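Since the structure comes first, as structure tokens, the remarks are kept for the end.
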Amino acid sequence: MKRETTHTPRAGRPGIAWALPAVLFFFLFAAAPMGIVGYLSFTDWDGLSDPSWTGMDNWSRLWNDDGMRNAIWLSLLLTALTWLTQTPIVLLLGVWAAGRQRNRAVLSAIFFLPLLASSVALALLWRTIFDPNLGLSADVADWFDLDNADLLGSPTGAFAAILFVTGWQFVPFHTLIYQGGARQIPQSLYDAAAIDGAGTVRQFFHITLPQLRNTIVTSTVLMVVGALTYFDTVLILTRGGPGDSTSIVPYLMYETGFKAFDLGYASAVAAALVIVATGTSLLLVRLTGFNRMRSTREGM
Amino acid sequence: MSTDTAPRPAPPREENAPRKPRTRRARRANYPAGVGAFIWLVIVVVPLYILVASTLQSRSEYLENGPLSLPTSLSFGSYQQVLEGDFPRYLLNTVIVTVSCAALVLALSVTVSYSIVRTRSRLSQKTFQLFLLGLAIPSQAVIIPIYLIITELSLYDSLLAIILPTAAFSLPVSVLIMVGTMRDISEELYESMALDGARSVRVLFQLVIPMSRAGISTAGIFSALSAWNGFLFPLILTQSRETRVLTLGLYDFVGEFRVDIPALLAAVVLSIVPIFTAYLFARRQLINGLMGVGGK
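Put into structure tokens, the structure is as follows:
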């Protein structure tokens, strides 16, 4: 470690060398791979021999690939539906959990349980629940006299199942973010509104919602990037199927890269995923000035 | 964000000014949200009930009665079956990976955050920005190059192959948490250390680390949780039974147990039990860690 070099009698300050181990480590396993994935996307590589340069081949193939178009469409649809379904739920739950009702603490503690488990564990649980012969699906089909209990067997059902299970898993997380945000709204605003005779609903739309602006941005960025990168749940619940009805971009990348060992083309898919994900989050961050917030606590 | 997810009976100002803020709170009681919360409670509890109840039935009982039935006689056979299999080995691997990841992340992020907060150099701002940008890198996007790097380093199918990338991907959040905590240490404290003639190493150990304990524990829990629950890196970077971690083991149990749902779900329960235990004892810290932010 480099000792500090100034001779002023101020407190010892660490040299920039202190940052090196972490920066190098992060560079090797996270930053450099971003560059390498770009490079690999211009190559043909089977994972065993050396990658061979093929220029724009992968990218033009990507551009004309129906499977990829389908995957991008499914990913965008899943992202949009994730935001549309989860935001109202977490907004309500978060604002509610920020209050001081009786039993709130106990209920919140139960709400957050799904957060503890891995997506693998949860996907396995839901897989057994959706099992058309042995799971809850079978019972539900019996109660309502449905012919087909095989939710994961139909394209729409499988897609809805992914949407639901990932929602079930991540709603608690976003609820926490909203709970934190709602707690930071000054009580005086509500008091003033109450004096003016504003009811709960008006208070919600005129105070709570505007005050949660930063929270909404934070949660939205996390939801968008999260939904674009769902993978574990798809692998375990549907394996992209039936057909390719749940084959979203990360899953397609996995299939192409580590099942078909077409790693060059899979790199192009991955690079496209990076472009979409970082583009979206940078756009959201720029639009909202989140990068200028000094504290990590702002907007949380 | 406010991190006080632990129940707090009342804000302290109520003691001084008991001018019925309670009724005002009560009038704010949000009934639509309350009903919504109740519905969500059912949606959360039913699957969790199925999870636990199924594991306490024998396989034939489950096949006969379905997932919603109350277990007629408690049977721990499923748990026994899982524990007698490969589960303990997977658990040990997961513990090794988790502890190593947390230790590595903490060592690296304490030093880099100290430098970001205290080094007078334009580079330190750049360093911080690197990690901020790093937050946006999805692990799926770089898994192929990481596979390449790991094979080049001859680490494929070792626990280190899981530990290194997992730790790297926990770094940005940890740095963010710790920089946030360390920025709040007041200049006077540094100056009083300076009067003692303290060098940067002593300042780190006697001032910065003790003052950042909350941030350190949050970052530690965050990185431990992401290591414990991580799936993609083990899936791609390991292969053999010897290096299998819990999440990957669960994934393989699907094939192994087939229709033996009680045993499969018992493995799921057992994989959650350690985190659940931690949740019971350190709810607040764990929630902070899960969110990866706040840290106070």
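First to last, the protein sequences are chains A and B. So for the first sequence, UniProt numbering puts the first residue at 1; every next one is plus one. So for the second sequence, UniProt numbering puts the first residue at 1; every next one is plus one. Where a beta carbon is used, it is the ideal one built from N, C-alpha and C, also for glycine. All of these numbers come straight from a predicted model, not from anything done at the bench.
- Contact with chain A is absent for B:T277, since none of that chain's Cβ atoms lies less than 8 Å from the residue's Cβ.
- Contact check between the stretch 274-287 of chain A and the stretch 214-228 of chain A: three or more CB pairs, one atom from each, fall below 8 Å, which counts as touching.
- Look at A:T87 here: in three-state DSSP terms it is helix.
- Cβ contact annotation for A:S281 (same chain, cutoff 8 Å, sequence separation greater than five): V221, V224 and V225, in chain order.
- For B:E191, the enclosing alpha helix (DSSP H) starts and ends at E187 to L195.
- DSSP places A:D262 in the coil class of the three-state scheme, outside both helix and strand.
- Annotation for A:R202: A193 place their beta carbon closer than 8 Å to its own, counting only its chain and skipping 5 residues before and after.
- Contact annotation: A:T229 and A:A123 have beta-carbon atoms that are not nearer than 8 Å.
- Not one beta carbon of chain A lies nearer than 8 Å to the beta carbon of B:I163.
- Chain order gives the chain B residues near A:A117 as N229, V268, S271, I272 and I275, where near means a beta carbon separation below 8 Å.
- Separation of B:G215 and B:V142 (C-alpha to C-alpha, rounded to the nearest whole angstrom) is 28 Å.
- Per DSSP, reduced to three states, the secondary structure at A:D150 is coil, with no helix or strand assignment.
- Close to A:D150, with beta-carbon spacing below 7 Å, lies no residue of chain B; the smallest spacing is near 16 Å.
- At the C-beta level, A:I236 and A:V95 stay beyond 8 Å of one another.
- At a Cβ-Cβ threshold of 8 Å, B:S124 and B:S113 do not count as neighbours.
- In chain order, I144 and P145 make up the part of chain B whose C-beta sits under 9 Å from the C-beta of A:S267.
- Under DSSP, the beta-bridge partners assigned to A:T43 are A:W53.
- Against chain A, the beta carbon of B:R120 has neighbours under 7 Å at R13, listed in chain order.
- DSSP, reduced to helix, strand and coil, places B:S58 outside both helices and strands of the structure shown, so it counts as coil.
- Within the stretch 230-242 of chain A, contact with chain B at the beta-carbon level (separation under 7 Å) is assigned to F231, D232 and I236.
- By the Cβ criterion, the stretch 207-218 of chain A is not in contact with the stretch 100-109 of chain B, since fewer than three pairs of Cβ atoms, one from each stretch, lie closer than 8 Å.
- A direct Cα-to-Cα measurement between B:Y90 and B:R241 gives close to 8 Å.
- In the DSSP annotation of this structure, A:G199 is not part of any alpha helix (DSSP H), being labelled neither H nor E.
- Counting along the chain, A:R213 sits inside the alpha helix (DSSP H) bounded by residues R213 to L228.
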